[in-house]
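Reading through the structure tokens given below for one structure.
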Amino acid sequence: RSFGGEPSTNQCNAACSACEKSDRWQQAITLEQHMMAEQIEADVITCNTVLGLSQNRRKWRWALALVRRAHGRAVRQDTLTCSTVVTAHACAQEETWSRV
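The opening residue of the sequence shown carries number 6 in our numbering; numbering runs sequentially from there.
This is the structure in structure tokens:
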């Protein structure tokens, strides 16, 4: 959807938070991709909100890819980001082993 002008990081974070509260994982992904495409600066709040959604939906590999993208854009990460990444990595490995 159109934001009607240049959206700020805070506006995008509010939209991501709304997606999280209404369990709209796919819309949060779309928003995060829009932010990347439009070069809107994501921050630790953006990253953690979308990570939380991906964790709740068991989208471990996507969560890891998100963190790689965030790291590539020098998005600051905090303890919550790191613990979610550790969980995502362990769960992704578990899924891989369960398929063998």
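The beta-carbon is built from N, C-alpha and C at its ideal position, and this holds for glycine as well.
Look at the Cβ atom of residue i, then the Cβ atom of residue j, and state whether they are nearer than 8 Å.
i, j, result
"C17", "M41", "no"
"A75", "C52", "yes"
"A2", "Q60", "Nothing can be reported for residue 2, as the shown portion of the chain is limited to 6 through 105."
Taking residue i and residue j to be in contact with their CB atoms under 8 Å, please state how far apart those CB atoms are, rounded to whole angstroms.
i, j, result
"V55", "T86", "Contact flag wrong, Cβ pair sits at about 11 Å."
Could you check if residue i is buried or exposed, using at least 16 other CB atoms within 10 Å of its CB as the buried criterion?
i, result
"A70", "exposed"
"E11", "exposed"
"A79", "exposed"
"T89", "buried"
What number of angstroms, rounded off, separates the C-alpha of residue i from the C-alpha of residue j?
i, j, result
"L58", "H94", "15 Å"
"A19", "K64", "22 Å"
"E99", "T92", "10 Å"
"S22", "Q38", "15 Å"
"R81", "R29", "24 Å"
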